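Going down the list, the sequences are from chains A and B.
Here the first sequence is numbered in our numbering, starting from 69 and rising by one per residue.
Here the second sequence is numbered in our numbering, starting from 69 and rising by one per residue.
Take a look at the structure set out below.
Number of protein chains: 2
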Amino acid sequence: MKEFFHVETIEGVLAHAASFSAVGTETVALAECLGRVLAEDAYSDVDIPDFSRSTMDGFAVKASSTFGASEANPAYLNVRGQVKMGVRPDFSIGPGEAARIATGGMLPEGADSVIMIEHTDLLDDTTIEAYRSVAPGQHVIEKGEDIRHAEPALASGTRIRPQEAGLLAACGRTAVTVFRRPMVGIISTGDEVVPVDQVPGEGQVRDINTQSLSGQVMAAGGVPVVFGIVRDNRDDLMKKCRGALETTDMVMISGGSSVGARDFTVEVLDTLPDTGILVHGISISPGKPTILARSGGKAFWGLPGHAVSAMVVFAAVVRPFLDRLCGLTQTVRQFPVKAVLSRNLASAQGRVDYVRVRLDRDEAGGPVMAEPILGKSGLINTMVKADGLIAIGIDTEGLDQGAAVEVMPL
Amino acid sequence: MKEFFHVETIEGVLAHAASFSAVGTETVALAECLGRVLAEDAYSDVDIPDFSRSTMDGFAVKASSTFGASEANPAYLNVRGQVKMGVRPDFSIGPGEAARIATGGMLPEGADSVIMIEHTDLLDDTTIEAYRSVAPGQHVIEKGEDIRHAEPALASGTRIRPQEAGLLAACGRTAVTVFRRPMVGIISTGDEVVPVDQVPGEGQVRDINTQSLSGQVMAAGGVPVVFGIVRDNRDDLMKKCRGALETTDMVMISGGSSVGARDFTVEVLDTLPDTGILVHGISISPGKPTILARSGGKAFWGLPGHAVSAMVVFAAVVRPFLDRLCGLTQTVRQFPVKAVLSRNLASAQGRVDYVRVRLDRDEAGGPVMAEPILGKSGLINTMVKADGLIAIGIDTEGLDQGAAVEVMPL
């Protein structure tokens, strides 16, 4: 048996990610920015809000006019007028005065707070009783309290969620500069693999990996570029790999788990110009026979052929590299689901074992149970049953029933 | 102050979801199905795999030929030939015989297991020594073990993740029937609200909600249809609402937090044909002044105007309705992140309080801390800082520092 010449720990592999660069940038309309990664520090052209704004329906006042007011001893305030929405009030407020204001209205000059309508009574057309005292600033959003126009509202490298899109709207950004979506070339190999639209003959199977890996690339914010199936043939493989490396930002070839096919991939990598193998074998299971090479500044992956193995390697190893290409530099704030293992799990020392689990719990608030889905890594249905993966550490012989585990969602 | 005429618990509101129907279906190409919801039970046209398949590089054998084999006492096997990938072997295996086979190869007739190449030695061109015994079925995926063609591979109502897409590929599904994406009409209201491309004048603010709610709709699998900003004017509002209800599957109008504007919305709903208000006020904070109506079988939402309130109501209340429209009927397998509250939190009884939190932890494996982000619901930057929401129950006066909380990701 041919030995892997450089079996690397997962940490060792991930350390290579820093040596790959983000792809270029492009400008997209605000409505198209969801899920994209910001490639500029975004500023607002104005303070947000640009004026002191009421957060309640009520009366704008000087807080001092209400000090000491109570049910037993209300403050009497003279109503100067009504604040119209969306315009500057054409009057100001002095001590003992009030202006009717709705949520979102601009405070008149002189007013520093709002007393809620529920805490007042109208005595006549121009007089109210106030039953509570308010503090300066109460029920008011101050000018610039949300975002100051001189300070960056969002940092480059941030993934845009709905709230970031909302913030960009507030900043007046009708278009934003984002990293373009990395193009990821996907090649399947194997003499037994046929395209989806073909009925497999005896000894043949349909290509799963192109579809499952494309899905993982899309979910991570990349664009899959499908190069189809290549036979276990050195020249064909070379041609496909060259083509993929020329036109995409990263290449993943799956299959070739058999020693012979793996040899072809290594031969191709040895022949390509400006190409070096960084990793040949990772101390994880499934996924040990994974290859990582650098070819002219681009990452080239040789992934296992089994559908589950290829997906696990993508989730655990490839994804951080793709995040890097996407321009994500702000910490990816992901927190695993904590669960309780439902049964004992054995594991070999010297490698990290990734185990598919299905999550369940009897009642809201109760413990989430992680039920291992044991099954061969050639069975895609085990991934369909799974909600996530748990990792059993390299120095761990196994986990006991009841152990606390962290689940990476799938 | 005008009283809400029907303040409903959140459970009471969510119970209405069942009375709305999923939108229609459409057929999409396999490559376009990621994230969509399956609208058919999907079957495979063949067993997957359609033959017994090796999961290792090695030799296909009758397991019984290896029984009792060990390093000290190897079994000697006669090599009948080599299995070619992707074709049926043209020979069979008898007792004491073996066939060279690679991962993914089809087992010859007579063979029931595979012995790994690592556990054999080649004695001469046609003889191997086997140092281990294998069990029947070992290192083999049986015909139909992944998916049987007579059994549904995926159930209608399932959200398609990368692995489901892979499974559909294995099933030969080049196209699948999915629910179409629900169209969600989005209307912003408020005399003070101006479009993003306009510099706000004194007393004006830009429209945030159109963008943040559009993002939430997209993230949930819907298609936002933007109807823009309507002034606080009954006739304009009526026209926009009619238009939105005619052309979309659900309508969300945001703003009108002020009593007057809310009154307009209620008036419009009262005037529209075949329309009834189901909920007027929900015992949650933020988001109490939310309206839910049914108009001709479609859900119509009046959401609060404050950016944070509108997003919280969408996440906690509207989203399950949209899931329903999307056709999701298989349990949505979502599990919250468990965290430890970093400080005391007060809460009023009689309502569910949704609190924005930022998550953090010092080290992998350590407890995830949930740090409340306190701030007015008019400040969109508080949502940008937040990783999720925690809910403080209706009968709870507050939570203590150190309390275990469950976080709904944002």
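Glycine included, each C-beta is placed from N, C-alpha and C at the ideal position.
Since the model is a prediction, treat every value here as computed from it, not as a measurement.
Hey, does residue i have any beta-carbon neighbour from chain B nearer than 7 Å?
{"i": "G461 of chain A", "result": "no"}
{"i": "T123 of chain A", "result": "yes"}
{"i": "T77 of chain A", "result": "no"}
{"i": "R424 of chain A", "result": "no"}
{"i": "K406 of chain A", "result": "yes"}
{"i": "L390 of chain A", "result": "no"}
{"i": "A110 of chain A", "result": "no"}
{"i": "F127 of chain A", "result": "no"}
{"i": "I209 of chain A", "result": "yes"}
{"i": "L409 of chain A", "result": "no"}
{"i": "L427 of chain A", "result": "yes"}
Can you confirm whether residue i, when its beta carbon is compared against all beta carbons of chain A, has any partner nearer than 7 Å?
{"i": "G271 of chain B", "result": "yes"}
{"i": "I215 of chain B", "result": "yes"}
{"i": "M318 of chain B", "result": "no"}
{"i": "M476 of chain B", "result": "no"}
{"i": "M251 of chain B", "result": "no"}
{"i": "V147 of chain B", "result": "no"}
{"i": "M437 of chain B", "result": "no"}
{"i": "A85 of chain B", "result": "no"}
{"i": "R52 of chain B", "result": "The requested residue 52 of chain B is not part of the displayed model; chain B covers only 69 to 478."}
{"i": "F403 of chain B", "result": "yes"}
{"i": "F119 of chain B", "result": "yes"}
{"i": "L305 of chain B", "result": "no"}
Taking only three categories from DSSP, how would you classify residue i?
{"i": "M124 of chain A", "result": "coil"}
{"i": "H348 of chain A", "result": "strand"}
{"i": "F368 of chain B", "result": "strand"}
{"i": "P388 of chain A", "result": "helix"}
{"i": "R156 of chain B", "result": "coil"}
{"i": "S112 of chain A", "result": "coil"}
{"i": "E260 of chain A", "result": "coil"}
{"i": "L457 of chain A", "result": "strand"}
{"i": "F332 of chain B", "result": "helix"}
{"i": "D428 of chain B", "result": "strand"}
{"i": "I255 of chain A", "result": "strand"}
{"i": "R248 of chain B", "result": "coil"}
{"i": "L393 of chain A", "result": "helix"}
{"i": "R274 of chain B", "result": "strand"}
{"i": "S132 of chain A", "result": "helix"}
{"i": "T343 of chain A", "result": "strand"}
{"i": "E439 of chain B", "result": "strand"}
{"i": "L106 of chain B", "result": "strand"}
Provide the residue span of the beta strand (DSSP E) that contains residue i, from first to last.
{"i": "F295 of chain A", "result": "291 to 298"}
{"i": "V81 of chain B", "result": "Counting along the chain, V81 of chain B falls outside any beta strand (DSSP E), though it belongs to the alpha helix (DSSP H) covering 78 to 82."}
{"i": "R474 of chain A", "result": "According to the sequence provided, residue 474 of chain A is Glu. The question's Arg does not apply to it. Per DSSP, E474 of chain A belongs to the beta strand (DSSP E) from 472 to 477."}
{"i": "E549 of chain A", "result": "Here chain A covers residues 69 to 478 and nothing more, so residue 549 of chain A does not appear."}
{"i": "L313 of chain B", "result": "Careful: L313 of chain B lies outside any beta strand (DSSP E), inside the alpha helix (DSSP H) at 302 to 315."}
{"i": "A140 of chain A", "result": "Here A140 of chain A belongs to no beta strand (DSSP E), and DSSP marks it neither H nor E."}
{"i": "S445 of chain B", "result": "First-last for S445 of chain B: undefined, no H or E at that position."}
{"i": "I359 of chain A", "result": "359 to 363"}
Taking the continuous alpha helix (DSSP H) assigned at residue i, which residues delimit it?
{"i": "A237 of chain A", "result": "230 to 238"}
{"i": "E287 of chain A", "result": "Reading off the sequence shown, one finds Ala at residue 287 of chain A, where the question assumed Glu. A287 of chain A -> alpha helix (DSSP H) spans 277 to 287."}
{"i": "P86 of chain A", "result": "First, the amino acid is wrong: residue 86 of chain A is Ala here, not Pro. It is not in any alpha helix (DSSP H) - A86 of chain A carries neither H nor E in the DSSP assignment."}
{"i": "A378 of chain A", "result": "375 to 381"}
(message) Using a Cβ-Cβ cutoff of 7 Å, what residues of the region 440 to 470 of chain A are near chain B? List them in chain order.
(response) K444, G446, L447, I448, N449, M451, V452, D455
(message) If the cut-off is 9 Å on Cβ atoms, which residues from the region 275 to 290 of chain B count as contacting chain A, listed in chain order?
(response) D275, I276, N277, T278, Q279, S280, L281, S282, G283, Q284, V285, M286, A287
(request) Name, going along the chain, the residues of the region 352 to 386 of chain B whose beta-carbon falls closer than 7 Å to a beta-carbon of chain A. (result) G373, A375, M379
(request) Identify each residue in the region 181 to 192 of chain B for which the Cβ-Cβ distance to at least one residue of chain A is less than 7 Å, and report them in chain order. (result) I185, E186
(request) For the region 158 to 177 of chain B, enumerate the residues whose C-beta is nearer than 8 Å to any C-beta of chain A, in chain order. (result) So the list reads A170, T171, G172, G173, M174, given in the order they occur along the chain.
(request) Check distances from the C-beta atoms of the region 214 to 237 of chain A to those of chain B and list, in chain order, the residues that come in under 9 Å. (result) D214, I215, A221, L222, T226, I228, R229, P230, Q231, E232, A233, G234, L235, L236, A237
(message) Extract the residue ranges of the beta strand (DSSP E) inside the region 149 to 235 of chain A, only unbroken runs of 3 or more that lie entirely within it.
(response) 165 to 169, 181 to 184, 188 to 192, 195 to 198
(request) Check distances from the C-beta atoms of the region 239 to 267 of chain B to those of chain A and list, in chain order, the residues that come in under 7 Å. (result) G240, T242, G258, D259, E260, V264, D265, V267
(message) At a CB distance below 9 Å, what residues from the region 88 to 106 of chain B approach chain A? Give them in sequence order.
(response) L98, A99, C101, L102, G103
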